[in-house]
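K.L.:
Numbering (the numbering used here), first residue to last: 106 to 481.
Backbone N, C-alpha and C fix where the C-beta goes; we use that ideal spot for every residue, glycine too.
1. Per the DSSP calculation, residue 356 is bridged to which residue(s)?
2. Determine the burial state of residue 283: buried for a count of at least 16 other Cβ atoms within 10 Å of its Cβ, exposed for fewer.
3. Does the Cβ-Cβ distance between residue 461 and residue 469 come in under 8 Å?
4. Taking its Cβ as the centre, do 16 or more other Cβ atoms sit within 10 Å of residue 444, making it buried, or is it exposed?
5. For residue 324, is the classification buried or exposed, using 16 other Cβ atoms within 10 angstroms of its Cβ as the cut-off for buried?
6. Let me know the secondary structure DSSP gives residue 241 once reduced to three states.
7. Could you check which residue in 338, 232, 329 and 331 has the C-alpha nearest to that of residue 316?
8. How long is the line joining the alpha carbons of residue 474 and residue 433, rounded to whole angstroms?
9. Out of 244, 217, 478 and 354, which has the shortest C-alpha to C-alpha gap to residue 235?
10. Following the continuous alpha helix (DSSP H) through residue 152, name the residue where it begins and the one where it ends.
11. When DSSP labels each residue in this structure, what does residue 144 get in the three-state scheme?
12. Going by other Cβ atoms of all chains shown within 10 Å of its Cβ, with 16 needed for buried, is residue 464 buried or exposed?
13. Please state whether DSSP places residue 250 in a helix, a strand or coil.
14. For residue 467, does the count of other Cβ atoms within 10 angstroms reach 16, so buried, or fall short, so exposed?
15. Among 241, 394, 179 and 302, whose alpha-carbon lies nearest the alpha-carbon of residue 375?
16. Could you tell me the distance, in whole angstroms, from the CA atom of residue 162 to the CA atom of residue 185?
17. If the criterion is Cβ atoms closer than 8 Å, does the pair residue 298 and residue 268 meet it?
18. Identify whether residue 223 lies in helix, strand or coil by the three-state DSSP scheme.
19. Is residue 211 closer than 8 Å to residue 448 when the C-beta atoms are compared?
20. Report buried or exposed for residue 523, applying the criterion of at least 16 other Cβ atoms within 10 angstroms of its Cβ.
21. Find the nearest neighbour of residue 361 within the set 355, 354 and 369, judged by alpha-carbon distance.
22. Quick one: what does DSSP say residue 255 is sitting in, helix, strand or coil?
23. Taking only the alpha-carbon atoms, compute the straight-line gap between residue 471 and residue 416 and give it to the nearest angstrom.
24. Write down every uninterrupted run of the alpha helix (DSSP H) in the region 272 to 328 whose length is 4 residues or greater and which is fully enclosed by it, in chain order.
25. Excluding five sequence neighbours on each side, which residues of the same chain lie with their C-beta closer than 6 Å to the C-beta of residue 479?
26. Considering just the uninterrupted stretch of the alpha helix (DSSP H) at residue 197, what are its terminal residues?
27. To the nearest angstrom, report how far apart residue 134 and residue 328 are at their CA atoms.
28. Quick check: residue 341 and residue 200, are their CB atoms within less than 8 Å of each other?
29. Quick check on residue 367: does DSSP put it in helix, strand or coil?
30. Just to confirm, is the Cβ distance from residue 265 to residue 275 under 8 Å?
31. Let me check understanding here. Comparing Cα to Cα, which of 255, 248, 227 and 222 lies closest to residue 140?
32. Output the boundary residues of the alpha helix (DSSP H) element that contains residue 397.
33. If you draw a straight line from the C-alpha of residue 176 to the C-alpha of residue 421, how long is it?
34. For residue 291, is the classification buried or exposed, using 16 other Cβ atoms within 10 angstroms of its Cβ as the cut-off for buried?
35. Please work out which residues of its chain come closer than 8 Å, Cβ to Cβ, to residue 331, disregarding the five sequence neighbours upstream and downstream, and give them in chain order.
36. Could you tell me which residues DSSP puts in a beta bridge with residue 179?
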């Protein structure tokens with residue numbers, strides 16, 4: 106995964122995958138959970154004291170350092186998330202089921218309608234289709250509902266101190282303080298995901314510094330506001346500067362056997378013809394699944410229909426509709442799967458395991474045709 110804009114999860118935009126029996130996504134605008142609250146750490150305090158001197162030497166104003174770090178604390182949950190981020194992988198079918206479900210499509214069309222004039226003005230200025238910008242918004246923060254409430258300075262300072270990518274995260278902390286120095290937002294509003302990705306379309310601080318724009322003309326590049334205009338325009342600006350070609354395609358579904366540059370995720374299911382803008386989307390997140398999801402959701406927001414080709418059974422031997430049936434039947438028996446979208450995540454695995462134990466079966470936590478039959 107490239108580190109030009111965001112860094113926080115390897116793979117296909119996994120930071121925004123929430124609910125549905127899957128892994129937790131970005132924190133919502135509600136209270137931050139206990140795992141992201143600061144705890145005393147003497148080593149972190151010493152590191153932060155030394156960092157203040159380095160930041161001042163790099164020209165960051167003392168007022169911004171003081172304000173930005175006043176409440177900065179060590180977040181052990183951030184370190185745990187960083188070290189465990191690659192353990193849960195999604196198939197493209199599951200990824201699409203989460204980020205471009207029929208419910209997400211409906212939400213996207215409603216969000217597009219609310220922001221139509223803004224999105225069209227952004228398209229006119231930057232050349233990126235309005236529905237494509239809206240699709241990034243949907244994949245990154247579920248149309249602004251999952252922007253993250255973790256203090257950015259605490260998150261990136263914790264990761265810089267932890268040292269696995271210390272220099273990179275210290276750069277992010279510098280950039281976060283420079284955002285405050287410029288007056289784009291306040292320390293209280295400088296919030297984001299567990300690794301410092303911020304706002305409606307999840308910019309990391311250095312990419313914010315490089316690409317964020319003040320589309321509303323109020324003198325601030327406010328990607329955190331309830332008004333998503335600056336964030337959406339910043340994403341379009343990023344894509345344009347990354348080589349977006351007006352009128353070119355990113356990815357479209359085509360019949361199997363179609364020539365040219367194509368891809369079939371996971372070796373099954375739909376085939377997509379790829380265009381030059383596919384590679385531009387991957388500059389935003391270097392994942393084929395992510396880029397295909399953005400292109401697909403863009404088309405759905407614009408009024409296109411669902412995918413034509415079926416994915417068929419997965420490695421468990423079940424189709425998506427059968428996996429939904431399995432979740433529904435488990436839920437009806439009191440085993441909470443965390444959702445019934447056909448995506449078998451940790452919650453669904455827990456429910457399966459509990460059901461198996463209740464029946465005296467081997468508690469594998471794995472779905473299967475036999476398991477589904479036992480529930481019917």
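P.N.:
Looking at the atomic coordinates:
1. Here the question's residue 356 lines up with position 251 in the chain shown. Answer by DSSP bridge pairing, in chain order: 379.
2. If you number the chain shown from 1, residue 283 lands on position 178. Buried, because 16 or more other Cβ atoms sit within 10 Å of the Cβ of residue 283.
3. Along the chain shown, one-based indexing puts residue 461 at 356. Along the chain shown, one-based indexing puts residue 469 at 364. Cβ atoms of residue 461 and residue 469: closer than 8 Å.
4. Taking the first residue of the chain shown as 1, we reach residue 444 at position 339. Result: buried.
5. Counting from one through the chain shown, the residue named residue 324 turns up at place 219. Per the 10 Å Cβ criterion, exposed.
6. In the chain shown, the residue the question calls residue 241 occupies position 136. Note: residue 241 maps to helix in three-state DSSP.
7. As a working note, residue 316 is residue 211 in the chain shown. The shortest Cα separation from residue 316 among 338, 232, 329 and 331 belongs to 338.
8. Within the chain shown, numbered from 1, the residue matching residue 474 stands at position 369. Within the chain shown, numbered from 1, the residue matching residue 433 stands at position 328. Their backbone Cα atoms lie some 15 Å apart in a straight line.
9. By one-based count along the chain shown, residue 235 stands at place 130. Of the listed residues, the one whose Cα sits closest to residue 235 is 217.
10. Along the chain shown, read from residue 1 onward, the residue named residue 152 stands at position 47. Taken as a continuous stretch (DSSP letters only), the alpha helix (DSSP H) holding residue 152 covers 147 to 162.
11. Stepping through the chain shown from its first residue, residue 144 is reached at position 39. Strand.
12. Locating residue 464 in the chain shown gives position 359, counting from the first residue. The residue is exposed, with fewer than 16 neighbouring Cβ atoms inside 10 Å.
13. If you number the chain shown from 1, residue 250 lands on position 145. If DSSP states are grouped into helix, strand and coil, residue 250 belongs with coil.
14. Reading the chain shown from its first residue, position 362 is the one you call residue 467. The residue in question, residue 467, is exposed, as its Cβ has fewer than 16 Cβ neighbours within 10 Å.
15. Along the chain shown, read from residue 1 onward, the residue named residue 375 stands at position 270. Answer by Cα proximity: 394.
16. By 1-based counting over the chain shown, the position of residue 162 is 57. By 1-based counting over the chain shown, the position of residue 185 is 80. Distance between the alpha carbons of residue 162 and residue 185: 31 Å.
17. For the purposes of this step, residue 298 is taken as the residue at position 193 of the chain shown. For the purposes of this step, residue 268 is taken as the residue at position 163 of the chain shown. Contact flag unset, no.
18. Taking the first residue of the chain shown as position 1, residue 223 is located at position 118. DSSP places residue 223 in helix when its eight states are reduced to three.
19. Stepping through the chain shown from its first residue, residue 448 is reached at position 343. Stepping through the chain shown from its first residue, residue 211 is reached at position 106. Result no, Cβ atoms of residue 448 and residue 211 do not sit closer than 8 Å.
20. Since the first residue of the chain shown is 106 and the last is 481, residue 523 is not available in this structure.
21. By one-based count along the chain shown, residue 361 stands at place 256. If we check each option's Cα against that of residue 361, 369 comes out closest.
22. As a working mapping, residue 255 is identified with position 150 in the chain shown. Correct three-state label for residue 255: strand.
23. Numbered from its first residue, the chain shown carries residue 471 at position 366. Numbered from its first residue, the chain shown carries residue 416 at position 311. Near 19 Å, if we compare the C-alpha coordinates of residue 416 and residue 471.
24. 310 to 316
25. Translated into positions along the chain shown, residue 479 becomes position 374. Here the set comprises nothing.
26. Within the chain shown, residue 197 is the residue found at index 92, counting from 1. Element bounds for residue 197: 197 to 204.
27. Stepping through the chain shown from its first residue, residue 134 is reached at position 29. Stepping through the chain shown from its first residue, residue 328 is reached at position 223. The predicted position of residue 134 is uncertain, since its pLDDT is 39 and thus under 50; a value taken from the coordinates is nonetheless stated next. Each residue's Cα considered, the two are about 14 Å apart.
28. What you label residue 341 is simply residue 236 of the chain shown in a count that begins at 1. What you label residue 200 is simply residue 95 of the chain shown in a count that begins at 1. Pairing residue 341 with residue 200 gives a Cβ-Cβ distance that is not under 8 Å.
29. Counting from 1 along the chain shown, the entry for residue 367 is found at position 262. In the structure shown, residue 367 sits in a strand (DSSP, three-state: E or B).
30. Looking up residue 265 in the chain shown gives position 160. Looking up residue 275 in the chain shown gives position 170. Yes, the pair counts as a contact, with Cβ atoms nearer than the cut-off.
31. Translated into the one-based positions of the chain shown, residue 140 becomes position 35. Cα-wise, what sits closest to residue 140 is 255.
32. Within the chain shown, residue 397 is the residue found at index 292, counting from 1. It spans 393 to 406 - the alpha helix (DSSP H) in which residue 397 sits, taken as one unbroken run.
33. Within the chain shown, numbered from 1, the residue matching residue 176 stands at position 71. Within the chain shown, numbered from 1, the residue matching residue 421 stands at position 316. Rounded to whole angstroms, residue 176 to residue 421 spans 48 Å at the Cα level.
34. For this step, residue 291 is matched to residue 186 along the chain shown. Using a 10 angstroms sphere on the CB of residue 291, the tally of other CB atoms stays under 16, which defines it as exposed.
35. What you label residue 331 is simply residue 226 of the chain shown in a count that begins at 1. If the five residues before and after residue 331 are omitted, its C-beta is found closer than 8 Å to the C-beta atoms of 249, all from its own chain and listed in chain order.
36. For the purposes of this step, residue 179 is taken as residue 74 along the chain shown, with counting starting at 1. DSSP output for residue 179 lists 144 as bridge partner(s).
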